[in-house]
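Numbering (the working numbering), first residue to last: 1 to 463.
Positions of the beta carbon are idealized from the N, C-alpha and C atoms, including for glycine.
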Ligand code: NAI
């Protein structure tokens with residue numbers, strides 16, 4: 001292991017603070033490479049993603065899809081009626097999924113002989129973490145304490161009527177109405193779930209579009225679908241205040257508009273968990289609470305690395321996994337190649353889903369590319385018609401060059417993005433992708449069709 005600090009014989013090779021996606025991925029890979037590992041965790045191994053984020057929300061979204069399909073069953077000639085949403089049943093399904101995965105993860109951690117120390121850890125020196133009265137020493141320390149929901153200055157989350165995403169996951173009822181501040185992934189996913197469960201939903205977003213970091217045409221398709229689903233949207237709106245009322249809240253926007261709702265979900269981003277746990281005292285460099293790292297996840301202190309939502313890279317569980325594997329391999333001396341963040345797929349699992357990889361048209365133009373693009377409408381795709389989903393696949397390529405970005409909207413397009421990831425990461429030319437025969441009838445044909453059109457030989461579309 002590459003380390004320069006003097007360490008006592010009791011020191012483990014790698015001491016990890018935080019056992020979420022980034023921390024546990026580093027632990028699993030490091031242990032596999034023969035590195036001795038201790039992880040300190042105050043809650044549960046698996047962190048936000050497994051217990052309060054990705055996994056439970058996707059279970060809710062799947063239950064929501066079943067509700068929608070039941071409601072729409074007559075479109076397929078099936079007679080079924082939706083008698084109601086039993087939140088206790090939905091939560092029990094969601095909790096079972098989480099608990100099965102949690103058991104599996106605990107088994108993996110145990111089988112790789114990784115010690116997990118339960119409790120609140122505090123960094124006390126460049127090589128030590130204090131947990132209760134125990135001091136643990138590591139030749140190398142990895143900070144992986146993740147993130148937590150943020151709010152706005154002066155907007156207090158009371159966890160009753162004004163709630164965050166963790167509260168939203170614990171609800172034991174379907175609210176009659178919800179106002180949601182922020183149309184990023186969290187805002188859109190909960191809007192989708194609650195609308196499918198029958199709530200009146202209004203999203204408030206400061207920027208002009210929902211999922212504002214996505215390709216603009218993707219945002220517009222989601223807005224069209226949300227409008228059709230009866231989800232209200234206040235776009236380009238500035239939040240002013242929220243007041244509790246007898247039946248819920250009144251949300252006021254700049255310009256005088258008000259929205260009455262039973263609940264108000266604040267989904268304006270997540271902030272790093274870095275205060276009050278010794279980072280400042282030990283001298284770890286930070287900016288706006290995020291730990292500052294170089295491209296190899298090293299902090300300013302030679303024995304300390306950091307990753308995941310704690311550093312200012314994409315706040316996605318799979319980025320945490322990638323960074324964890326990278327750090328473990330670096331510490332084991334494997335010299336891994338640097339991570340390519342443009343190559344990371346992003347998925348918002350609302351109905352419809354939004355998935356993308358590579359760069360947007362705006363980013364491509366900012367980077368000086370002359371671009372060409374093609375949008376294949378799912379209306380022409382057999383499987384999408386069978387599933388009755390609307391949406392599109394848009395491919396952006398450099399003129400006479402490789403594919404730079406793929407942007408999709410539609411039910412389950414998250415499952416299609418891995419092919420696009422290979423296309424962009426291998427810098428394939430549209431004509432090379434057009435040579436690949438896609439299975440028929442699948443939604444993946446839409447990926448093939450967009451490339452066929454870009455290569456000048458459209459099949460089921462006009463050029
Ligand atoms: P976000 O940063 O993705 O979206 C927050 C939204 O709130 C932005 O669109 C922003 O313009 C808006 N906003 C901020 N201040 C506002 C104001 N005063 N008034 C109105 N709108 C305002 O954050 P989000 O959705 O809370 O998610 C947190 C993190 O977790 C993100 O990095 C997200 O990507 C990640 N996440 C990823 C998921 C996925 O990959 N499917 C699912 C859930 C979360």
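Judged by DSSP in its simplified three-state form, residue 134 adopts strand. Secondary structure at residue 341: helix, using DSSP grouped into helix, strand and coil. With respect to residue 144, residue 20 sits close: the two C-beta atoms are nearer than 8 angstroms. Take residue 244, set aside five residues on each side of it, and the residues of its chain with a beta-carbon closer than 6 angstroms to its own are 161, in chain order. Contact annotation: the region 447 to 461 touches the region 425 to 435, with at least three C-beta pairs closer than 8 angstroms. According to DSSP, residue pairing for residue 358 in a beta bridge involves 405. Taking all protein chains in view, the Cβ of residue 300 is surrounded by fewer than 16 other Cβ atoms within 10 Å, so the residue is classified as exposed. Rounded to whole angstroms, the gap between the alpha carbons of residue 303 and residue 284 is 11 angstroms. Beta-bridge pairing by DSSP links residue 148 to 271.
In terms of Cα proximity to residue 114, the closest of 24, 298, 234 and 281 is 24. For residue 115, the enclosing beta strand (DSSP E) begins and ends at 115 to 118. Assignment of residue 326 by DSSP, reduced to helix, strand and coil, places it in the helix class. Residues of the same chain with a CB within less than 6 angstroms of the CB of residue 298, apart from the 5 flanking positions on each side, are 305 in chain order.
No heavy atom of the ligand NAI is found nearer than 7 angstroms to the CB of residue 345. When DSSP states are grouped into helix, strand and coil, residue 233 belongs to the strand group.
According to the DSSP assignment, residue 260 belongs to the beta strand (DSSP E) that extends over 258 to 261. Secondary structure in the region 35 to 105: the alpha helix (DSSP H) runs of 4 residues or longer, each lying completely within the stretch, are 47 to 52 and 54 to 71 in chain order.
Taking a C-beta distance under 8 angstroms as the contact criterion, residue 447 and residue 405 do not qualify as a contact pair. Following the DSSP letters along the chain, one finds residue 277 in no beta strand (DSSP E), marked with neither H nor E. Residue 318 is not bridged by DSSP to any residue. Per the C-alpha coordinates, the member of 221, 16 and 167 positioned closest to residue 146 is 16. Residue state for residue 139 is assigned as strand, using DSSP reduced to three classes. One alpha carbon belongs to residue 439, the other to residue 420, and they sit about 15 angstroms apart.
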